[in-house]
């Protein structure tokens with residue numbers, strides 16, 4: 406009948422629209438997947454002959470790497486994703502040490518744990534002896550831990566809270582103490598020095614070859630290099646208190662690249678800023694300190710400029726937060742290889 410034919414036609418049109426909607430949805434999902442998870446290539450190997458600024462002519466592009474691990478026990482950090490909490494223990498950091506056995510740079514490492522020292526030494530035993538210098542330290546030797554009592558007072562204040570224990574906050578500040586100790590060592594032969602967190606190359610595979618970190622061709626040695634996490638424009642209207650309250654991260658603190666003089670000048674300014682912020686009742690990680698240093702309220706005091714590096718999602722097959730926080734060290738790795746990874 407006519408009604409039956411009309412009903413079938415309506416059903417066909419409805420199914421066609423549903424099929425079209427499903428197809429369009431799948432296309433959008435696939436396109437989003439391609440954007441989010443397809444590897445991205447960067448032009449790392451630049452033609453230095455086109456560079457006119459003497460600061461960009463890095464003939465001595467080797468880097469001495471400085472790191473530190475202090476055994477402060479197990480602690481938790483709040484993740485930005487779903488506000489979950491991740492637990493960090495000594496065993497986790499020990500598992501990350503395999504990547505240091507692949508690093509073909511000279512390393513100066515500061516540790517307070519004998520077992521950690523032995524594990525680190527074993528991981529690098531196949532490298533030339535001069536490539537590894539281990540210094541055993543105690544927290545009493547680090548100026549940052551002299552401020553622990555003040556950090557504890559801030560954490561206990563119900564009007565302001567952070568997600569880390571006081572020892573962790575002090576450790577984040579203490580890495581600049583360790584970095585200054587390394588800068589003061591007379592046996593450093595390289596022009597460039599970099600701070601690098603223990604777990605920064607934890608995404609490497611066990612069967613990956615040795616790698617070296619070298620200074621990027623475009624690095625300006627009058628500045629300090631960091632990976633950019635969020636654009637600096639987000640700091641343009643924020644006070645240090647707002648930066649701490651909102652947990653704003655401008656640059657990642659896991660890798661800091663520079664020459665001795667620039668690093669030393671920055672550390673002086675960093676320590677002064679920490680003292681100011683503690684006096685205001687603000688304590689968290691070094692990333693909030695640096696964001697505060699270059700906020701409108703404090704930027705006028707800073708003599709050292711920061712040179713930021715940012716990577717698109719998928720660069721070096723890094724996803725999640727890794728492509729933001731690990732950008733510069735992976736650029737240094739690719740600069741040594743002079744090929745796109």
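Numbering (the numbering used here), first residue to last: 406 to 746. Beta carbons are placed, not taken as given, at the ideal position from N, Cα and C, and that holds for glycine. All values reported here derive from a predicted model rather than from experimental measurement.
Suppose the cutoff is 7 Å on Cβ atoms and the five residues either side in sequence are ignored; what does the same chain contact list for residue i look like?
{"i": "residue 670", "result": "708 and 709"}
{"i": "residue 522", "result": "516, 539 and 541"}
{"i": "residue 488", "result": "Because the pLDDT of residue 488 is 42, which lies under 50, any placement of that residue in the model is unreliable, and the number read from its coordinates should be weighed accordingly. Closer than 7 Å at Cβ, skipping near neighbours: no residue."}
{"i": "residue 605", "result": "659, 660, 731 and 734"}
{"i": "residue 524", "result": "499 and 502"}
I'd like to know whether the C-beta atoms of residue i and residue j end up nearer to each other than 8 Å.
{"i": "residue 747", "j": "residue 597", "result": "Past the edges of the chain, shown from 406 to 746, lies residue 747, and the structure says nothing about it."}
{"i": "residue 679", "j": "residue 694", "result": "yes"}
{"i": "residue 641", "j": "residue 701", "result": "yes"}
{"i": "residue 618", "j": "residue 533", "result": "no"}
{"i": "residue 511", "j": "residue 535", "result": "yes"}
{"i": "residue 579", "j": "residue 549", "result": "yes"}
{"i": "residue 696", "j": "residue 653", "result": "yes"}
{"i": "residue 595", "j": "residue 465", "result": "yes"}
{"i": "residue 470", "j": "residue 584", "result": "no"}
{"i": "residue 507", "j": "residue 612", "result": "no"}
{"i": "residue 633", "j": "residue 714", "result": "yes"}
{"i": "residue 740", "j": "residue 609", "result": "no"}
Using C-beta distances below 8 Å, list every residue in its chain close to residue i, excluding the 5 sequence neighbours before and after it, in chain order.
{"i": "residue 683", "result": "552, 555, 556 and 559"}
{"i": "residue 712", "result": "624, 625, 628, 629, 630 and 631"}
{"i": "residue 543", "result": "517"}
{"i": "residue 509", "result": "532, 536, 615, 616 and 617"}
{"i": "residue 743", "result": "449 and 450"}
{"i": "residue 674", "result": "698, 706, 707, 708 and 709"}
{"i": "residue 495", "result": "476, 478, 479, 518 and 521"}
{"i": "residue 736", "result": "447, 449, 621, 714 and 716"}
{"i": "residue 651", "result": "643"}
If I'm right that residue i touches residue j with Cβ under 8 Å, what's the distance once you round it to whole angstroms?
{"i": "residue 620", "j": "residue 468", "result": "6 Å"}
{"i": "residue 572", "j": "residue 449", "result": "Wrong, their Cβ atoms sit about 38 Å apart, outside the cutoff."}
{"i": "residue 501", "j": "residue 607", "result": "4 Å"}
{"i": "residue 472", "j": "residue 603", "result": "6 Å"}
Tell me which residue opens and which closes the beta strand (DSSP E) that residue i is part of.
{"i": "residue 496", "result": "That residue, residue 496, is in no beta strand (DSSP E); its alpha helix (DSSP H) goes 495-500."}
{"i": "residue 599", "result": "597-601"}
{"i": "residue 712", "result": "711-714"}
{"i": "residue 525", "result": "Where residue 525 is concerned, there is no enclosing beta strand (DSSP E), although the alpha helix (DSSP H) it sits in stretches over 519-528."}
Where do the N-terminal and C-terminal ends of the alpha helix (DSSP H) with residue i fall, by residue?
{"i": "residue 671", "result": "665-684"}
{"i": "residue 723", "result": "Unbroken run through residue 723: none, as it is neither H nor E."}
{"i": "residue 652", "result": "No alpha helix (DSSP H) contains residue 652, which DSSP labels as neither H nor E."}
{"i": "residue 592", "result": "Where residue 592 is concerned, there is no enclosing alpha helix (DSSP H), given that its DSSP letter is neither H nor E."}
{"i": "residue 737", "result": "732-742"}
{"i": "residue 577", "result": "571-588"}
{"i": "residue 697", "result": "691-698"}
{"i": "residue 557", "result": "553-561"}
Using the DSSP secondary-structure output, state which residues sit across from residue i in a beta bridge.
{"i": "residue 513", "result": "471 and 538"}
{"i": "residue 630", "result": "662 and 712"}
{"i": "residue 508", "result": "616"}
{"i": "residue 657", "result": "632"}
Got a sec? Which residues, its chain only, sit under 6 Å from residue i by beta carbon, not counting five neighbours each side?
{"i": "residue 728", "result": "716, 718 and 720"}
{"i": "residue 537", "result": "512 and 529"}
{"i": "residue 475", "result": "517 and 576"}
{"i": "residue 547", "result": "579 and 582"}
{"i": "residue 460", "result": "Its pLDDT being 42, under 50, residue 460 is placed unreliably in this model, and the coordinates cannot settle the point."}
{"i": "residue 593", "result": "469"}
{"i": "residue 601", "result": "470, 472 and 660"}
{"i": "residue 649", "result": "687, 689 and 693"}
{"i": "residue 588", "result": "665, 668 and 669"}
{"i": "residue 657", "result": "632, 634 and 730"}
{"i": "residue 586", "result": "none"}
Can you confirm whether residue i, when its beta carbon is compared against all beta carbons of chain D, has any partner nearer than 8 Å?
{"i": "residue 695", "result": "Absent from the structure is chain D; it holds one protein chain and no more."}
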